[in-house]
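Worksheet: the structure to be examined is printed underneath.
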Amino acid sequence: MMHSTPSDVASISFVEYRQNPQNREQLDREAKQLRRRDFETRYQLKPKDVRTLQSTYSSVILMQEKLIVVLNQIPIVIQRSLCCIVLDHRSSGRNLALGFAEAFPSLMVSRTHQIDAWELNCLESLLFYLSRTIQSKYKSISQYAAKLFSVRSLELQTLVEACQRLRLEVHIIHTALSNILDDDQEVARLSFENQKYISQYTSTRKKERADLHMRTCQSFTDLKHSRSVSSLSSKSILLPETELRQSTLEDRTPLTLRHSPSSRLIQPGELDASLADEACWVQRCRTFAEVKDDVLESTPISVGSIHDIFETCLAEATVIRASVDNLMRNVITNTRIAELRLDGDRNSLLTFKLYLGLFTLSVKAASLPGGLLGMNLLNPWLPATDDPGPFYVSGSLLPFWALSGISLLIFLTTFGGLCLAYRHALHHKKKSP
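Here the UniProt record's numbering is used: the first residue of the sequence shown is 1, the next is one more, and so on.
Structure follows, in structure tokens:
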């Protein structure tokens, strides 16, 4: 039988409760005298569960091997083998699956007496609990999806704004360099006005190289072999009379320069004089308007070299701008892909919610015949009087199966019709421009 034993339901026999009305008061009195310790030791209940059992509300308490359903202040213990409850306690009870397999219908068919109303109430309570669990999970998933969407959208928006600012700055630099290179007069002006700083940098480099040369020559003068000394003298560093050649410094080692008919050995103090000449040249030309073209060509750093530097910077700015544009496209593409995926997940959740609502509506429509005819499913045509009437058949399950078939037909018709109507409306909406 599907009802629990007296020991499982705290000495309450539901069969005796239904069949012996004289003992109802005694059984009720015994049920009210159950102590909290008996519940805790028998079912390992917590104080919160005990308060739930003593309350006037209907509730469901999940245990490890059983399920306690409270209906009308009557505790009902359903074993795991009867209600097919699957609990995963390895994850602290978070994963819960309630499913009615073939055990419940087969036990109902094998019954030879009337079906207890509390068993159907248990089934209804479990279905209600399952529906409530699904709805709560849906709410939590919706909240998580909304939070994830807002956080990811904020991060992507921040990245897009940073890329836009970087792209604007690079575009400004690229435009400025392009305008400078298009104006030869501007390049000449920049070359002239920055000769002082370029000369200072070049002078510092010249002095460092000359000091290195003097220290190297001094170390070689202490050698004993005259052949080595003469070889060193033939390879001494020579300076042109006017200026150091930047190309010669790059092509040769730090110890040698190109030989020229006018070159000679460096003498102490001549480097300072050369640097002083460059400083005097810078001081003589104070304004760009006073400078002539031949003077610009004789500057320590020519206008052509400055032009080449600007062209190199422009090429680098072009490469950076292309990289920033590529980064912007990738960020925007990934943002759109993320939005499409989130929209797909949101649509899936909304579709699930819609189908769940259609299923609930169909179940309510299917339960109308049972609600109209009452809970006496074995004989819904039994009148209120003691006369059973012409349609009464003792112990027959035909009324029950007829009512079940009608409810199933109403459920399938309602659910299928609503689903087809929804699919048709969705298909028509996709076709419409």
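Yeah, the Cβ is synthetic: ideal placement off N, Cα and C, and Gly gets one too. Because the structure is a prediction, the values reported are computed rather than measured.
*Between the Cα of Q157 and those of L340, R336, F415 and G416, spot the shortest distance and give me the residue it belongs to.*
R336
*Take C163 and list the residues in its own chain whose beta-carbon comes closer than 7 angstroms to its own, dropping the five residues that flank it on each side.*
V324, L327, M328 and V331
*Say yes only if the C-beta of V187 is nearer than 7 angstroms to one or more non-hydrogen atoms of the ligand HEM, and no if none qualify.*
This structure simply doesn't include the ligand HEM, nor any ligand for that matter.
*Whose C-beta lies closer than 8 angstroms to the C-beta of A317 among residues of the same chain, with five residues either side of it excluded?*
V170, I173, H174 and L177
_At the 8 angstroms Cβ level, is Q44 part of the contact set with chain C, yes or no?_
The structure shown contains no chain C, having only a single protein chain.
*In this structure, what does DSSP give as the bridge partners for I61?*
I68
_Residues in the same chain with beta-carbon distance under 6 angstroms from V160, minus the five sequence neighbours each way, listed in chain order, please._
V331
_For I306, count the other beta carbons within 10 Å of its own beta carbon; 16 or more makes it buried, fewer makes it exposed. Which is it?_
buried
*For K139, which option in L426, L349, A421 and L418 has the closest C-alpha, if you only look at C-alpha atoms?*
L349
*asked:* Out of Q143, F415 and L426, which one is the CA nearest neighbour of G357?
replied: F415
*Could you say which of L368, K48, L398 and L372 lies nearest to F411 if we only look at CA atoms?*
L368
*Nearest CA to the CA of I68: which residue from Y43, H428 and K48?*
Y43
_Can you find the residues in the same chain that come closer than 8 angstroms, C-beta to C-beta, to K431, ignoring five residues on each side of it along the sequence?_
none
*Among F352, G371, L408 and R132, the one whose alpha carbon lies nearest that of C419*: F352
*With distances taken Cα to Cα, identify the nearest neighbour of F310 among L45, I141 and A188.*
A188
*If you drop the 5 nearest sequence neighbours on each side, which residues of the same chain put their C-beta closer than 6 angstroms to that of S362?*
F411, T414 and F415
*When K46, I61 and L154 are compared against A338, the one with the closest alpha-carbon*: L154
*Would you mind sorting V77 into buried or exposed? The rule is 16 or more other CB atoms within 10 Å of its CB.*
buried
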